[in-house]
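S.K.:
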Amino acid sequence: QGAAAALQERVAALETAALEHGAEASRRETACRELQADKRSLLRLVEQRGAQLEEREAAVQAGLARVAALVKEKAEAEGARRALEAKYGEFQVAEARLKQERELLERHN
Numbered sequence: 043q044g045a046a047a048a049l050q051e052r053v054a055a056l057e058t059a060a061l062e063h064g065a066e067a068s069r070r071e072t073a074c075r076e077l078q079a080d081k082r083s084l085l086r087l088v089e090q091r092g093a094q095l096e097e098r099e100a101a102v103q104a105g106l107a108r109v110a111a112l113v114k115e116k117a118e119a120e121g122a123r124r125a126l127e128a129k130y131g132e133f134q135v136a137e138a139r140l141k142q143e144r145e146l147l148e149r150h151n
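Residue numbers for the sequence shown follow my numbering, beginning at 43 and rising by one.
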């Protein structure tokens, strides 16, 4: 009888261990499913952030293109202004020369 009782105790211990292992496996499966759900959520978030970054990059590129266009436009306007100032200077010189010529003609007449 002692051997049978020991055997029954051993069987009971093994059954308890099997139940504990089953419970642990179930907890781990649940944790694994939760981790997989978290992973999918994070991947979606990364994808969204990537799309947002692409949109921002496009906006920055558009802004840079606009700035470049404005810089070019300003440079062209400055060049045109300098050309007009040079032409105005030429006209002032010509006007001064004509005034001198007129004064000389008036003196001689």
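The C-beta atom is built at its ideal place from N, Cα and C for all residues, glycine as well.
Note that the structure is predicted; figures quoted are calculated from it, not measured.
I'd like the span of the alpha helix (DSSP H) that includes Q43, first residue to last.
M.R.: Run containing Q43: none; DSSP gives neither H nor E here.
S.K.: Can you give the Cα-Cα distance for A54 and A60, rounded to whole angstroms?
M.R.: Cα to Cα, the separation comes out at about 10 Å.
S.K.: Could you name each continuous beta strand (DSSP E) segment of 3 residues or more that falls completely within the region 48-83, going from the start of the chain to the end?
M.R.: Listed in chain order, there is nothing to give.
S.K.: So, at 8 Å on beta carbons, what are the nonlocal neighbours of A7 in its own chain, with the 5 sequence-adjacent residues on each side left out?
M.R.: Since the first residue of the chain shown is 43 and the last is 151, residue 7 is not available in this structure.
S.K.: Quick one: Cα of A73 to Cα of A107, how far?
M.R.: Each residue's Cα considered, the two are about 50 Å apart.
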